[in-house]
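This report refers to the structure that appears directly beneath it.
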Ligand SMILES: Cc1cc2nc3c(=O)[nH]c(=O)nc-3n(C[C@H](O)[C@H](O)[C@H](O)COP(=O)(O)OP(=O)(O)OC[C@H]3O[C@@H](n4cnc5c(N)ncnc54)[C@H](O)[C@@H]3O)c2cc1C
Ligand code: SF4
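Residue numbers (our numbering), protein chains in the order written: chain L, 1 to 178; chain B, 1001 to 1522.
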């Protein structure tokens, strides 16, 4: 994720952009008030369609657009490296018909159900799931704390802080090592 | 570390450095035997383990191509990945979640106890439980298994508290934080578990036993081990006398090498072990090595698995804490009244955020799929580990249509599920759902069958050479100086996660090999 710069614009075919919300996890990693994801294969309008496809497949309404943009960037990279992927994706986008992005969710779901067996849909589904949940935006959104080795594990940071069920007797669990 | 000459015909060559191969290497070298240990993967360390789930997977997993067929769900849901194991020094003990239960005495007598099960190729083990037990005791001391030898259990995590409450509501009695090869306190020079929950990514504390930082360094310290990393064995050669005498492998520079051997032990995990024996076919052994019975690759078992998740109205943060530290053992009984033979365990499970939707949840998309993920904080999980039925046609074969990087046919994994497997899975998933519902789960989500992490029985031990590939010491029936030293030798899978048994058998095999070598028999 980088800020848009002139030299990028020259090399890229499309761009996805958005605003960095203050205090969001994105604010920690973005280098300015605007985020932008550069694309080499998809045009801005194709990328915008793919964003809506990704958001229809895995709809987390309150999850920042930037997380979905990283999904599109990953697919763009695959398409740049592989001509068959590029063709498959482009014809998949075309196959959604015009006006896809403007349709209500229920209509978009119907359209996607029709193409569900296609390589286009399956690629979109898998990539979205593969990339979306690895983004820092998703970690923050789902409350996932990630690796804990660097912080001494969860031993003293809540691995057993659940209080709405009875405690497990010592015989069936074990003592704290500290 | 020893430097063993390519032409040294006195060396023992072990292929694979995981649970079986790594343990065997230590046991032989400490008895003064020179060992060349070939490992296809690279060597990582506590420092180099990546803590980014996707990166860790790529760093450690065997991703060379394979194919699969059959009606089991994995073939549909995860076509390129029929099995999940490591390609790295330490093998899958780097990935493993370290549940280390024993098989039950009756599980070694599956054929006698279960009787004739149509469509299954059951046999009894060629060794008694009393015999195996001695080695279980040594293995448990070696691995520092909790709740054995006075070692305390691991403390209960949030995820386990949920499992425990549900299990107790259903009246289960044997419910605890498991027999884990994870240090509940410092042990054997290794640190205690800090409940970071990254057991699968490689334990940066070294609290979890792995041959990478236990058996292999110990073997190196003897001065008798020549560990060759990024070295993939492609063929085992034999002489006119029918005894094996060398191993061909590709080294880290892509060169083909030939290491002479007095004795060869194959420990490449059940799929690759069978594949290597098949790839080594010759005019003398046209069906592959040690395969006069035609049993190499057959009877492949991988345990009945599958997760069940439950959404509660309060947070659980299941990712905090050791991945698998919790078990219900009451169903490890043979009660045909339940509608199937054999038993199963229910074990705690949690998956990190990136991995859960990829392997933990059923195929899906749209609002429903997203709503499960929205509840990630409030999700509890467990899975079934049950005994599957061996079938003659569930097998590893060579697929000449697909080639690996060396131009050799890849393994095809074929599995048609037995109706017993399906009945057991259904029962287990029902019990797991009841446990969660009994304590107020809002929704229970049965997960898919993931790629197989437990791979077994493809070169099984048998009393009768017609029924299997190896004898009770993992020595092949056909070739006296060829041994199998990994999960392939399990006669039947039982309901215990396999690694403790693999280690116990490797310890026993080492004793046998060194005895036979001293006596000049091999
Ligand atoms: C995610 C996960 C969790 C698990 N959790 C548990 C658990 O809780 N409890 C349990 O008991 N088990 C568990 N297992 C299974 C356990 O890891 C395996 O049963 C065990 O490691 C198998 O031992 P092995 O010696 O058969 O093979 P491995 O440990 O897999 O070692 C085989 C090694 O051989 C190498 N190799 C293969 N072919 C060649 C060749 N031709 N040349 C050179 N090298 C080769 C491979 O690269 C690999 O390093 C888990 C597995 C996974 C994937
Ligand atoms: S939970 Fe324990 S065993 Fe697992 S990775 Fe963390 S320290 Fe290691």
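Each residue gets a CB set at the ideal place from its N, CA and C atoms; glycine is no exception.
Residue i, buried or exposed, once every other Cβ within 10 Å from all chains shown has been counted against 16
i	result
residue 1456 of chain B	buried
residue 1340 of chain B	buried
residue 1308 of chain B	buried
residue 1018 of chain B	buried
residue 1509 of chain B	buried
residue 1298 of chain B	buried
residue 1060 of chain B	buried
residue 1255 of chain B	exposed
residue 76 of chain L	buried
residue 1431 of chain B	buried
residue 1161 of chain B	buried
residue 1023 of chain B	buried
residue 1249 of chain B	buried
residue 7 of chain L	With a pLDDT of 44 at residue 7 of chain L, under the threshold of 50, the modelled position of this residue cannot be trusted, and the question is left open.
residue 1056 of chain B	buried
residue 1379 of chain B	buried
residue 3 of chain L	Low per-residue confidence applies at residue 3 of chain L: pLDDT is 43, beneath 50, and the placement is therefore not dependable enough to give any value.
residue 173 of chain L	buried
Residue i beta carbon near ligand 2 (any heavy atom closer than 8 Å)
i	result
residue 151 of chain L	no
residue 176 of chain L	no
residue 1193 of chain B	yes
residue 1207 of chain B	yes
residue 1475 of chain B	no
residue 1182 of chain B	yes
residue 1199 of chain B	yes
residue 1203 of chain B	yes
residue 1431 of chain B	no
residue 140 of chain L	no
residue 1323 of chain B	yes
residue 990 of chain B	Given that chain B is displayed from residue 1001 to residue 1522, the structure contains no residue 990 of chain B and the question cannot be resolved.
residue 1496 of chain B	no
residue 1196 of chain B	yes
residue 1452 of chain B	no
residue 1098 of chain B	yes
Identity of the residue in the options nearest residue i by Cα
i	options	result
residue 106 of chain L	L:82, L:166, L:56 and L:94	L:56
residue 1466 of chain B	B:1252, B:1120 and B:1291	B:1291
residue 1128 of chain B	B:1473, B:1481 and B:1522	B:1473
residue 177 of chain L	B:1195, B:1374 and B:1471	B:1195
residue 1523 of chain B	B:1451, B:1311, B:1249 and B:1489	Outside the displayed range of chain B (1001 to 1522) lies residue 1523 of chain B, so it cannot be described from this structure.
residue 94 of chain L	L:21, L:48 and L:16	L:48
residue 143 of chain L	B:1496, B:1380, B:1399 and B:1315	B:1315
residue 129 of chain L	B:1517, B:1355 and B:1417	B:1355
residue 43 of chain L	L:14, L:37 and L:62	L:14
residue 1177 of chain B	B:1453, B:1348 and B:1380	B:1348
residue 1111 of chain B	B:1122, B:1295 and B:1101	B:1122
residue 1144 of chain B	B:1124, B:1257, B:1156 and B:1099	B:1099
residue 1470 of chain B	B:1495, B:1277, B:1447 and B:1373	B:1277
residue 1205 of chain B	L:151, L:158 and L:136	L:151
Residue i: first and last residue of the uninterrupted alpha helix (DSSP H) it sits in
i	result
residue 1538 of chain B	Beyond the ends of chain B as shown, which are 1001 and 1522, falls residue 1538 of chain B; an answer cannot be given.
residue 1162 of chain B	1158 to 1169
residue 1131 of chain B	1129 to 1143
residue 52 of chain L	44 to 57
Closer than 8 Å at the beta carbon, the chain D residues around residue i
i	result
residue 1204 of chain B	You won't find chain D in this structure, because its protein chains are L and B.
Residue range of the unbroken beta strand (DSSP E) whose run includes residue i
i	result
residue 122 of chain L	Where residue 122 of chain L is concerned, there is no enclosing beta strand (DSSP E), although the alpha helix (DSSP H) it sits in stretches over 119 to 132.
residue 1446 of chain B	1443 to 1446
residue 1024 of chain B	Taken as a continuous stretch (DSSP letters only), residue 1024 of chain B belongs to no beta strand (DSSP E), being part of the alpha helix (DSSP H) at 1019 to 1029.
residue 1316 of chain B	Run containing residue 1316 of chain B: none; DSSP gives neither H nor E here.
residue 1232 of chain B	1232 to 1238
residue 1217 of chain B	First-last for residue 1217 of chain B: 1215 to 1221, but that is the alpha helix (DSSP H), not the beta strand (DSSP E).
residue 1346 of chain B	1344 to 1348
residue 1250 of chain B	1244 to 1250
beta-carbon residue i near ligand 1 non-hydrogen atom, thresh 8 Å
i	result
residue 1026 of chain B	no
residue 1306 of chain B	no
residue 1095 of chain B	yes
residue 1038 of chain B	yes
If contact is defined by three or more beta carbon pairs under 8 Å, each pair taking one atom from either stretch, is the segment 1182 to 1190 of chain B in contact with the segment 1207 to 1219 of chain B? In short, these stretches touch, since the Cβ pair count reaches three.
Sufficient close CB pairs (3 or more, under 8 Å) joining the segment 1037 to 1049 of chain B to the segment 1386 to 1402 of chain B: Not touching, per the Cβ criterion.
When the Cβ atoms of the segment 1319 to 1329 of chain B are set against those of the segment 60 to 75 of chain L, are three or more pairs found closer than 8 Å? Segments in contact, no.
For the segment 1124 to 1143 of chain B against the segment 1490 to 1509 of chain B, do three or more pairs of beta-carbon atoms, one drawn from each stretch, fall closer than 8 Å, so that the two count as touching? Output reads yes: the segment 1490 to 1509 of chain B touches the segment 1124 to 1143 of chain B.
Would the segment 1149 to 1164 of chain B and the segment 1478 to 1497 of chain B be scored as touching if the rule is three or more Cβ pairs under 8 Å? Flag = no, the segment 1149 to 1164 of chain B and the segment 1478 to 1497 of chain B do not touch.
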